[in-house]
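Chemist: After the structure tokens below, expect a handful of questions from me.
Numbering (the numbering used here), first residue to last: 1 to 91.
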């Protein structure tokens with residue numbers, strides 16, 4: 001199955017897909033909402049809301065984007081017509 005001497009890459013890739021399939025994105029979105037609310041209600045030493053800091057906005061956006069990607073990957077795996085084969089790992 002797969003190329004000669006490429007078995008480890010094939011197996012680890014397949015395991016990564018299985019790990020992703022076991023993780024729901026919803027807890028990440030819930031935690032992100034809590035952090036966002038905290039940042040909106042918390043001020044820094046200068047009296048500015050943390051949510052107004054560019055670095056806070058960028059990090060919240062990055063986490064949100066990664067959670068969306070996880071959600072899309074889960075939808076892709078759930079909507080596949082057949083069980084994945086080892087050949088899928090090399091795609």
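Positions of the beta carbon are idealized from the N, C-alpha and C atoms, including for glycine.
Keep in mind the model is a prediction, meaning the values are calculated, not measured.
1. Measure the alpha-carbon distance for residue 51 versus residue 39 and round it to whole angstroms.
2. Within the continuous alpha helix (DSSP H) that includes residue 34, where are the two ends?
3. Leaving aside the five residues before and after residue 42 along the sequence, list all residues of the same chain whose C-beta is less than 6 Å from its C-beta, in chain order.
4. In the DSSP assignment, what are the bridge partners of residue 49?
5. Using the Cα positions of residue 67 and residue 55, report the straight-line distance between them to the nearest angstrom.
6. If you run the structure through DSSP and keep just helix, strand and coil, what is residue 68?
7. Beta-carbon within less than 7 Å of residue 64's beta-carbon, same chain only, minus the 5 sequence neighbours each way: which residues are those?
Modeler: Quick answer:
1. One C-alpha to the other measures close to 5 Å.
2. Residues 26-41.
3. These residues qualify, in order along the chain: 50.
4. Looking at the DSSP assignment, residue 49 forms a beta bridge with 43.
5. About 18 Å.
6. Residue 68: helix per DSSP, three-state reduction.
7. When the five nearest sequence neighbours on each side are left out, the beta carbons in the same chain lying within less than 7 Å of the beta carbon of residue 64 are those of 32, in order along the chain.
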